[in-house]
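These notes are about the structure you will find just below.
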Amino acid sequence: MSNAWFETVAEARRRARRRLPKSVYGALVAGSERGTTLTDNLAAFGELGFAPHVAGLPAQRDLSTTVLGQRIELPVILSPTGVQAVHPDGEVAVARAAAARGTALGLSSFASKPIEEVVAANPRTFFQIYWSGSKDQLLQRLERARAAGAAGVIVTLDWSFSHGRDWGSPAIPEKVDFRTMLRYAPEAITHPRWLAAYAKTRRVPDLTVPNMGVPGQPAPTFFGAYGEWMNTALPSWADVRWLRQQWDGPFLLKGITRIDDARQAVDAGVSAISVSNHGGNNLDGTPATIRVLPSIAEAVGDQIEVLLDGGVRRGSDVVKALALGARAVLIGRAYLWGLAANGQAGVENVLDILRGGIDSALLGLGRSSVHDLTSDDVVVPPNFLRRLGA
Ligand SMILES: Cc1cc2nc3c(=O)[nH]c(=O)nc-3n(C[C@H](O)[C@H](O)[C@H](O)COP(=O)(O)O)c2cc1C
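In terms of full-length UniProt numbering, the sequence shown has 208 at position 208, counting the first letter as 1, and numbering is strictly consecutive.
Here it is as structure tokens:
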């Protein structure tokens, strides 16, 4: 039998491609439109260099920190992703892997598992919501998250309903019934291990979104919930402030790329922001998040926690983000590929890869803690940075 362990996130991605049906894999790799932002998220990390030392290096390195009041053993959190059918254990496997490696996760509103099950697997769960439905529905969702024991809330605001992808968008069936199975049969037959994982559970992939529904009633379908969201009036900053006041715990606003919006988030009373462009899945042409991070961290980093997500594939990427002002990062695709490649163990494998990479970068830079990193540790080429909305 081949070794299930993989050495890099790139290898996890190759295994995910082999294992998943084309339409499911497509959902995990594509970016919106031309993919300019997705490409830049990755390329920008590659443009940054390091300034290493060679002697007097620390024998031990401390990777732990805190985010939103939670201690985490490495400065990496699993970002909320609403992807169905990657693995039958879905977000519960992700939550268990995060718990096993001492970190937290965001649970998407569009997740396939109910929040109660996910919090039971890992109490360090932050529930992610979109501005969707009426204020009463938003309050019901927050109340459910509170009752389930969520450690905080993530509100994601950067979504502009752009559905054109040069890759082609994945076809997500409304529900998986016998006819859909027949339509997808050729894909399933050529991806026997993915199908076998579901066959073991004696269930077909679940395409409902239980956290968007009312407890005690049948969960809405993915498209039903998406339709509700598309038809909701868009939030103002006053609405964001109102939402923040409804939750008396840690509150993260995800999707900031501009300095003026970061200041608005501070005024709205948030505890943290994630500098994010939705992994290149939102407005294509937005710069890589690592390019805009330093100006945002400089503007608001002493008032709230500043995190980053987008393009993180290696421990060295995490160290670059921390050196340029992030408290921690969130990862999306990297853990989804790990999940597809090897379930819970695959997500743990990805976190181990990142831990190893962070530790060697700290060693090379002569830093004994993630808190000691500064911009002197990285080489920033001319014309690398972007300041938006200054
Ligand atoms: C397939 C997929 C689904 C996603 N679904 C959500 C979601 O439901 N809610 C959300 O806040 N972000 C969502 N995101 C964005 C991620 O949380 C994160 O911002 C992004 O993946 C980070 O970029 P990376 O994939 O390069 O790490 C999704 C991303 C991907 C790739």
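Note that CB positions come from ideal geometry on N, CA and C, so glycine has one too.
List the whole-angstrom C-beta distance separating N122 from R96, where the pair is believed to meet the contact cut-off of C-beta under 8 Å. Between N122 and R96 the beta-carbon gap is near 7 Å, inside 8 Å, which marks them as a contact.
Determine the extent of the beta strand (DSSP E) in which F251 is found, giving its start and end residues. That run of the beta strand (DSSP E) goes 251-256.
Mind checking R291: buried by the 16 CB within 10 Å criterion, or exposed? By the neighbour-count rule (16 or more Cβ atoms within 10 Å), R291 is buried.
Can you list, in chain order, the residues of its chain with a C-beta nearer than 6 Å to that of L42? Leave out the 5 residues immediately preceding and following it. Correct list, in chain order: G311.
Quick one: does the C-beta of F110 sit closer than 6 Å to a heavy atom of ligand 1? True, at least one ligand heavy atom lies under 6 Å from that Cβ.
Where M1 and P218 are concerned, what is the direct C-alpha to C-alpha distance, given to the nearest angstrom? With a pLDDT of 46 at M1, under the threshold of 50, the predicted position of this residue should be treated as unreliable, though the coordinate-derived value follows. C-alpha separation (whole angstroms): 42 Å.
May I ask you to report which of helix, strand or coil DSSP gives M1? Low confidence applies here, because M1 scores a pLDDT of 46, under 50, leaving its location unreliable and the question unanswered by this model.
Which listed residue (Y25, R124, T221, P75) has its alpha carbon closest to that of G357: Checked all of Y25, R124, T221, P75; the closest Cα to G357 is P75.
For V86, name the three-state secondary structure that DSSP assigns. Looking at V86 - three-state DSSP - the assignment turns out to be coil, as it is neither helix nor strand.
Relative to the alpha-carbon of S79, which residue among Q70, D309, H191 has its alpha-carbon at the smallest distance? Among Q70, D309, H191, the Cα nearest to that of S79 belongs to D309.
State yes or no: is the C-beta of residue 393 within less than 7 Å of the C-beta of K254? Limits of the chain in this structure are 1 at one end and 390 at the other, which puts residue 393 out of reach.
Have a look at the DSSP bridge pairing and note the partners of G46. DSSP output for G46 lists no bridge partner at all.
Taking A262 and A299 to be in contact with their CB atoms under 8 Å, please state how far apart those CB atoms are, rounded to whole angstroms. Approximately 6 Å separates the beta-carbon atoms of A262 and A299; this is inside 8 Å, confirming the contact.
Alpha-carbon spacing of R193 relative to W229, whole angstroms: The C-alpha of W229 is placed about 34 Å away from the C-alpha of R193.
Do T257 and T286 have their C-beta atoms within less than 7 Å of each other? A contact, by the Cβ cut-off of 7 Å.
Helix, strand or coil, according to DSSP, for residue 426 in the structure here? Residue 426 falls outside the range modelled here, since the chain spans only 1 to 390, and no answer is possible.
Is R333 near ligand 1, judged by its Cβ being under 6 Å from some heavy atom? Yes, the Cβ of R333 comes within 6 Å of a heavy atom of ligand 1.
Unbroken alpha helix (DSSP H) run spanning I358, endpoints: Judged by DSSP secondary structure, I358 falls within the alpha helix (DSSP H) whose first and last residues are 333-365.
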